[in-house]
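What follows is a single structure, written as structure tokens, with notes after it.
Chains as they are written, first to last, in the working numbering: chain P, 14 to 309; chain C, -19 to 910.
Structure below.
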């Protein structure tokens, strides 16, 4: 932990947390499970470490996964373990269950939170991709202002750059409409065991199928752009196509055409990502279509 | 600091806590609960796991204040008094603890699992333990222990019976699967490693590292560091009172650099301060002005004319020419003629990676001045007497003024042979008069200590149509890095083993050990042979393809056997179990194939869905003992006590491999005592005689023999006493079951000891054993006292969409001479195979232009439990006459053939020959689609 940290707060309510944040006026920082923050020393080399940390994993009402009207809401205290175990997520967001189940190991999932991952803004973050494919929204709390919901995509500025200022704002929750009748979702990724312990490509999708035809497809992939990316052209291409393996094969050139594949040293070359992205599309879409068929 | 209540293991403790403290710090430093270990500080290794409200968390990054008020359970909270928790008992009896450093993490995760799941499947266990690393066991014993413990906890039988390989009939103690003597301490968290020791007034040390790989030092400014409150000493090269160079073979490694730096991990200055954080912050404030020098970052470039010199003046006593640290030759027959007359010649170029031991315990040394004015250094070292000499030399004092006190070692694998913080801690203790602890953080451990050599091979093998290998020619370049360490010895072993365990008439091996500005390289389990086996076994596999011959039959045809002559001119006279190993693997392989409706003549590759499968085969051999003309000695002292127990003493390291169990078993066997009555004390240079280095798979052989000879000497000595007590001749006296008897009467062993003491006789004897003489390379004759052999078959699965590789199964047969303890042996074999799987598939210490990219565990992946294959462990016992009860070394052999068995299996599965380690899924996929 940065040597300059003088206080570690564990507020019990959102109001209390916002009050603290307001009083520190930029010299504190919001932290979730800390499983990225406490191990990422690069972060500390830039600028002064905060004076205090405000741990938002214990806020009343924001630790669970719950149903709210048409939406499933995931609070900032919900750990990956809790998300994976939630029947709401298992039934209505299989992609999110799969991705949150792949993050780290059990000890990290027991502590790390999805909202913390989103605040960390990595373009290939597993949970983020799934939430993006689910058309997720996030709620931002700022002292003295009403809770503001925004589309998830607006939460990112660039690789590792969040639009949320963790010294002045709290990412309180995410919400999305769960998959319903004739809908399915899925997530697939590839790791490389040498070099860096980060996923080298991931893809999440959500589909709605009507009478054997893809009525709607949502596809999020990473890292194929500076921020988590929705493959809009591929989605449009698949709309109205038969829910078949052939359609997926035809969609591959479209997907490759709209993704900017880059070479990341010690992780993957652009050529390799070009090879595996089609496999991820096939794998995730096939599973999502199967789920949609079962949900008919 | 505020005082906060912590609820740990059911008790409330008020503790002073800072906002920046993590839970692990509170547990270890404030509450003295040192059973929780810290391996990485980055939530990668998982060994620091504790339970918070029943949920496993990594305590190294869990904020302490977040844990306040919750129920915390640590390893110390599991046993009920003397009664072990079923998990602890099962870990002991399954041999699931070796070095013990990760044990509490494995057990705590296991506890969280079985508390919710009374009957976990193998997959459940792999899921739960995915991010809890163990570098010793290979995980199989861990899985069995957790399953048995779950059953016991759910009310099932409290029996924990490991499934072990068949071995020959045991003696009273030797040959029996006995748990480690230190196992209970390791599973309860009571076992003490260096960092677990605290002293009154202790300071903490930190080291200023070069950060640049090659530069002349123009100025070192310590002013700002000295001004930091809490700093008690800042030392540079000018403050080294004795010799400012250390080294295991050649003293070429500066204690503190004064004129230039040769690699990024070089030490420039050391700081002692009130806290570790202050010491590190102050070290960061030391300013060094450099004149950069050109960097040489690979051994081939380093030998080119005009290459920058790493050592401008050859170190004293070295064989250095330019950057060539040592040039090693092996010649047998006429290789050029041999290749010319061969029916088939296959050539290839192979490159292995620099790899890291990744022992889970980072290096730690504590030095203090004892009341008698001497220096005491507490350290987990593989060569205590060498540490003593190097510390004394640097301090400029006689060796007797230094005491090396060995703590338990949390894994070594060759990586704790060189000096790391021992001298620095002693220098800081000298400067401050206070105890000083230097604990490396994981990044520093990765940066500093010697690694496994990256070796480049260019080789050609010629064979006749009938499969006889006729000639082998190989040139090797080993990247020794900036300092000699054991490069000379390692690359000699790489060279002499570069023709594999085969009888080949014509051999020429030309090997260069080379200085570069990379991290130094030295000993690492396999000692050069791991690298050679990859190259030679790969080319042999291609020969088999060209000849259309079964690769197993090809090995069988050429295997070293009694009557063979090795490439160095040694006649194999005994103990050559390679043919038996090959046969045992083939039989088990055939059974496995039959279970899948195949046989030995079926194709060894197939495709299921998007997965391709293939079987590969490889063999290996490895010398036991130093060999090459070195005096390979060990001295053991045994003291007998009136309570009927003995203590065997030796400065020889236990790095998880099980030496205390071997020594205790031998002493108990020879003195007719129950195993529990033989204690072992290791690695205290004041109390234990020199056992030499723990390297070269030598301790069972050399220290085992020394223990046996000392025990026999003590037995004869006590037999004289007992003879008088029983009124018979000493020859009529027998030692068994803790008693000494003739045909009619008996007295207890303890009574004999008591009588000996009354008579003023010695009850403490020692004996030095020296292994049979060996010959230096190039002079013919026996270069080594014995060889261990192994054969392995590996099944791999390759994902055709992604190139991902998994090793599903390894069938292994190992010739160990004699299995002294089948439980410990199984741990060595399983752990060795999984470690070598990492060498094949995941591990690479990445260093670019001399600057390491691998600076944390997140950038160095050793195998986790999900990557372990199913292992069929077969044991061959072809005894070595000179070994204790016929035993040979076993520490390294199992970890050698796995890499080529896997890469040969990949070749079989998808037709791609891997020529560079580790296997890269990206290259496999791109090579296939090219």
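Note that the Cβ used here is the ideal one computed from N, Cα and C, for glycine as well.
Whether residue 229/P touches residue 217/P by CB criterion (7 Å): no
Start-to-end residues for the beta strand (DSSP E) that takes in residue -15/C: -17 to -12
Validate contact between the region 184 to 193 of chain P and the region 241 to 260 of chain P using beta carbons, cut 8 Å, 3 pairs: no
From 130/P, 165/P, 144/P, 181/P, residue whose alpha carbon lies closest to that of residue 154/P: 181/P
Rounded separation between residue 92/C and residue 41/C - CA only: For the pair residue 92/C and residue 41/C, the Cα-to-Cα distance works out to about 19 Å.
DSSP three-state assignment for residue 226/C, whether helix, strand or coil: strand
Neighbour flag for residue 173/P against chain C, beta carbons, 7 Å: no
Touching by the beta-carbon criterion (3+ pairs, under 8 Å), the region 467 to 477 of chain C and the region 438 to 445 of chain C: no
Residue from 514/C, 594/C, 480/C whose Cα sits closest to the Cα of residue 540/C: 480/C
Cβ-based contacts, 7 Å cut-off: residues of the region 819 to 840 of chain C near chain P: 821, 822, 824, 826, 833, 838, 839
Length of the line joining the Cα atoms of residue 676/C and residue 226/C: 21 Å
Euclidean distance between Cα positions of residue 17/C and residue 81/C: 7 Å
CB contact below 7 Å: residue 288/P versus chain C: It does; some Cβ of chain C falls within 7 Å.
Neighbour flag for residue 52/P against chain C, beta carbons, 7 Å: At least one chain C Cβ lies under 7 Å of residue 52/P.
Segment contact, 8 Å Cβ cut-off, at least three pairs: the region 709 to 717 of chain C with the region 630 to 643 of chain C: no
Cβ of residue 45/C within 7 Å of any chain P Cβ: For residue 45/C, the closest Cβ of chain P is nearer than 7 Å.
Interface residues of the region 113 to 131 of chain P facing chain C [CB-CB below 7 Å]: Closer than 7 Å at the C-beta level to chain C, one finds these residues of the region 113 to 131 of chain P: 117, 118, 119, 120, 121, 123, 124.
Contacts around residue 55/P, its chain only, beta-carbon distance under 7 Å, and the 5 residues preceding and following it disregarded: Unreliable placement is indicated for residue 55/P, whose pLDDT of 43 sits below 50; the coordinate value is still reported in the next sentence. Hits under 7 Å: none found.
Residue 830/C and residue 547/C closer than 7 Å at C-beta: no
Which residues DSSP lists as bridging residue 603/C, in chain order: 767/C
Buried/exposed call for residue 7/P, threshold 16 Cβ in 10 Å: With chain P running from 14 to 309 in the structure shown, residue 7/P is simply not present.
Short CB-CB distance (under 7 Å) between residue 55/P and chain C: Low per-residue confidence applies at residue 55/P: pLDDT is 43, beneath 50, and the placement is therefore not dependable enough to give any value.
Given 8 Å, three or more beta-carbon pairs between the region 522 to 541 of chain C and the region 746 to 758 of chain C: When C-beta atoms of the region 522 to 541 of chain C are compared with those of the region 746 to 758 of chain C, fewer than three pairs fall below 8 Å, so the two segments do not count as touching.
Any chain P beta carbon closer than 7 Å to residue 41/C: Answer yes: the Cβ-Cβ gap between residue 41/C and chain P drops below 7 Å somewhere.
Backbone secondary structure at residue 224/P - three-state DSSP: coil
Residues of the region 186 to 206 of chain P with Cβ closer than 9 Å to any Cβ of chain C, in chain order: 203, 204, 205, 206
Reduced DSSP category for residue 307/P - H, G, I as helix; E, B as strand; rest coil: helix
Burial state of residue 160/P (16 or more Cβ within 10 Å): The residue is exposed, with fewer than 16 neighbouring Cβ atoms inside 10 Å.
Burial state of residue 293/C (16 or more Cβ within 10 Å): exposed
Best match in 650/C, 800/C, 153/C, 683/C for proximity to residue 914/C [C-alpha to C-alpha]: Here chain C comprises residues numbered -19 to 910, so residue 914/C is not present and cannot be evaluated.
Test: residue 14/P CB closer than 7 Å to a CB of chain C: yes
Euclidean distance between Cα positions of residue 57/P and residue 172/P: Per-residue confidence for residue 57/P stands at a pLDDT of 47, beneath the threshold of 50, marking its modelled position as unreliable; no derived number is given.
Contact under 7 Å by Cβ, residue 7/P with residue 93/P: Residue 7/P lies beyond the stretch modelled for chain P, which goes from 14 to 309, so this question has no answer here.
Among 328/C, 614/C, 687/C, 841/C, the one whose alpha carbon lies nearest that of residue 626/C: 687/C
Contact with chain P by residue 211/C, beta-carbon distance below 7 Å: no
Three-state secondary structure assigned by DSSP to residue 498/C: coil
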